[in-house]
Amino acid sequence: MSPHKQIELQLQAAVREVLPEADSAAVLVRPCPDPKFGDYQSNALMSLARARKLNPRQLAEDVLKKLDVSTTCEKVEIAGAGFLNFRLKISALNQALESVVKGGPLFFETASRPKTVVIDFSSPNVAKPMHVGHIRSTFLGDSLARALRLLGHRVITDNHIGDWGTQFGKLLVGWKKYLDAGALRKDPISEMERLYRFVNSAGESDPAVLEEARLELVKLQGGDPENLGIWREMIALSEKQFDDIYSRLGIKFDFTYGESFYNDRLKPLVDELLEKDIARESEGAIAIFFEGDPQLKDKPALVRKSDGGFNYSTTDLATLAFRLAEWRPDEIIYVTDGRQQLHFQQIFSAFRKWLPASKTRLAHVWFGAILGDDGKPFKTRSGDTVKLSDLLDEAEERTFKIVSEKNPSLPEPARREIARVVGIGAIKYADLLPNRQSDYVFSWDKMLALNGNTAPYLQYAYARIRSIFRKLDQPTGHPGSSLTLATPEEIALAKHFLNFGLTLDSVVEEYRPNFLCIFLYELAGKFTAFYENCPVLKADGQTRNSRLILCELTARVLKQGLELLGIEVVDQM
RNA sequence: GCGCGCGUAGCUCAACUGGAUAGAGCGUUGGCCUCCGGAGCCAAAGGUUGUGGGUUCAACUCCCGCCGCGCGCACCA
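Per this note's numbering, the very first residue in the first sequence carries number 3; after that it's consecutive.
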């Protein structure tokens with residue numbers, strides 16, 4: 003159990019001792035949101051007092067008289083309307099930290115009941131460039147996967163790429179009639195994108211082109227060898243792009259079962275839904291209706307179009323069935339943008355109708371739109387979006403210039419490596435920092451900022467710690483485990499460590515890595531305050547030893563936390 | 001029209017899910033010692049949380065009505 007949790011439970015038990023018949027909410031002791039009031043607080047006595055028709059401050063005083071928490075806390079204080087504020091004793095804090103130094107878990111606890119969780123994220127389309135619109139799903143999903151894994155869960159990541167669908171009709175027409183082989187060799191994605199756009203706009207003025215595309219699509223779906231061959235080549239070229247990008251981002255998937263993987267499962271699925279009376283014919287299409295649900299009353303989900311083709315809902319239901327059978331997950335998490343909320347409501351409702359006995363929890367983790375400078379959403383179709391590879395290049399280039407200014411003596415390969423880690427880190431952090439449900443205004447400067455609340459600030463704090471350890475004259479190895487916390491900066495830093503586990507729990511529960519960003523930024527801030535006010539190497543004996551331990555713990559938590567955001571650290575920058 | 005979501009400092013965003021004096025970054029202004037890395041630190045200015053009611057010890061947070069914005073509403077994914 004994490005030290006924080008342990009203390010929390012101790013204090014709760016102590017309050018419970020005094021109020022044996024109160025309900026569990028009334029004895030709750032929680033970490034205090036603002037350290038200036040204390041480290042833990044009880045704020046439920048006010049409502050308890052009301053229920054018992056007592057004066058809340060009087061009740062608090064009565065509780066206080068009998069309350070004994072002297073082993074862990076200083077004198078408990080009553081404040082405001084009837085808050086109890088607990089302040090941790092330094093000895094208790096020392097003890098909590100020492101247990102970590104001696105090899106205990108890093109202020110968090112792993113799940114007592116590990117879950118199997120499937121995470122569906124990123125999901126780029128074949129034959130299109132990955133652009134900034136993909137980063138939220140990609141970073142969010144990856145970060146959640148990392149956090150869940152650290153907490154002991156079994157995580158399966160599945161990249162549900164768009165490798166099937168009507169766009170291939172147009173792509174096939176383009177490929178057969180207008181392909182520029184040289185351009186394809188040079189930059190396959192751009193050439194395929196060009197082909198798609200060209201045929202798309204030709205189709206706007208000439209219906210014959212659309213008809214042609216439709217026929218090519220029918221041939222592909224019918225298994226025409228030539229079209230299948232072209233289709234496979236397009237996928238292979240796209241996969242190369244995906245691999246490049248994901249490798250730069252340090253992101254790996256356990257599986258990449260694209261939409262096409264489910265092709266031969268679609269017809270049997272619809273047959274089954276019809277047979278079980280879950281879906282029925284409507285206006286020539288096959289649809290699932292949700293009469294009982296006021297929200298989905300007039301919003302049927304189509305699982306077969308009137309022309310006999312299948313669509314998004316069909317594939318998603320087939321995918322769901324496959325995942326249930328293949329991995330028996332406790333939970334499936336879909337990370338997509340907020341515009342798909344209705345779609346996932348339909349899928350989830352259909353799932354409950356179809357497999358009412360299933361215990362699997364489905365979660366749609368959605369995020370806001372990415373907007374341009376004009377405040378309008380990015381257009382994925384008509385272009386003018388920033389390519390992800392260009393964004394990464396720009397980040398590394400800008401960072402390289404700064405590294406070269408600050409640290410000209412380092413050899414170029416080292417500067418390149420630092421620029422890579424810091425540049426990519428800045429992008430990931432900028433993306434993960436805002437609340438995921440807020441819309442997102444894209445700006446180069448914000449994305450690539452290296453000052454303020456950014457990844458480089460955290461990486462810089464880490465690098466400064468490493469620098470201290472490089473300068474340590476005698477490499478005594480482990481600085482020991484004994485702490486003497488004295489200054490306010492030391493104590494504030496030490497107390498903040500305890501919040502790490504709590505933060506990880508909320509990240510996973512709320513699917514919000516930005517909680518971790520906030521925690522890490524505060525950690526780096528508290529470390530910097532400590533660094534400014536408490537000399538480490540110039541201190542003597544036990545003080546120096548104790549401060550070295552704080553440095554080491556800060557470095558470990560920073561590194562671990564950043565790793566959960568998919569961000570690396572460097573020893574020098 | 002119906003549904004979902006949003007509205008917080010000049011700008012970009014937080015606020016631990018109902019707690020105490022609403023906090024950061026950017027930008028602006030003014031400081032930082034021969035001292036472990038200045039990608040840093042300290043300080044100042046900046047707010048009727050869109051608006052009007054309600055609920056209660058307590059509301060950015062929950063409920064209702066307006067105003068404004070975004071997204072979604074049957075054969076795209």
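Here a beta-carbon is modelled for each residue, glycine too, at the ideal position from N, C-alpha and C.
query                                                                                                  : result
Identity of the residues DSSP links to A303 by a beta bridge                                           : I290
8 Å Cβ cutoff met for G568 and I237                                                                    : no
Beta strand (DSSP E) runs wholly inside the region 220-282, at least 3 long, in chain order            : none
Proximity to P116 [Cα-Cα], best of A98, D182, A149                                                     : A149
Inter-stretch contact at 8 Å, needing at least 3 Cβ pairs: the region 91-104 / the region 494-501      : yes
Touching by the beta-carbon criterion (3+ pairs, under 8 Å), the region 253-262 and the region 160-167 : yes
Close beta carbons around L506, own chain, < 8 Å, minus the five adjacent residues each side           : F110, A149, L152, L153, L518, L566
Run of the beta strand (DSSP E) containing F85, from where it starts to where it stops                 : 85-88
C-beta contact flag for F170 and L219 at 8 Å                                                           : yes
The region 81-93 touching the region 40-48, judged by at least three CB pairs closer than 8 Å          : yes
Best match in I9, F141, D36 for proximity to P436 [C-alpha to C-alpha]                                 : F141
Presumed contact (8 Å Cβ cut-off) between S391 and I247, rounded CB distance                           : 6 Å
Assigned exposure category for R383 - 16 Cβ within 10 Å defines buried                                 : In this prediction, R383 has a pLDDT of 36, which is less than 50 and means its spatial position is unreliable; what the coordinates show is noted afterwards. R383 is exposed by the Cβ-count criterion.
I335 vs D542 beta-carbon contact at 8 Å                                                                : no
Three-state secondary structure (DSSP) of P33                                                          : strand
For T118, the first and last residue of its enclosing beta strand (DSSP E)                             : 118-122
E79: first and last residue of the uninterrupted beta strand (DSSP E) it sits in                       : 79-81
Where T316 falls, given that 16 or more other Cβ within 10 Å makes a residue buried                    : buried
Per DSSP, the bridge partner or partners of V367                                                       : V337
Rounded C-alpha distance that separates A465 from V424                                                 : 12 Å
Reduced DSSP category for G164 - H, G, I as helix; E, B as strand; rest coil                           : strand
Beta carbon of F444 nearer than 8 Å to that of L394                                                    : no
Spatial distance of K408 from L61 (CA atoms)                                                           : 60 Å
8 Å contact criterion, which T118 and W356 should meet: CB distance rounded                            : Between W356 and T118 the Cβ distance is about 21 Å, and since that is not below 8 Å, they are no contact.
CB of A94 within 8 Å of CB of T74, strictly                                                            : yes
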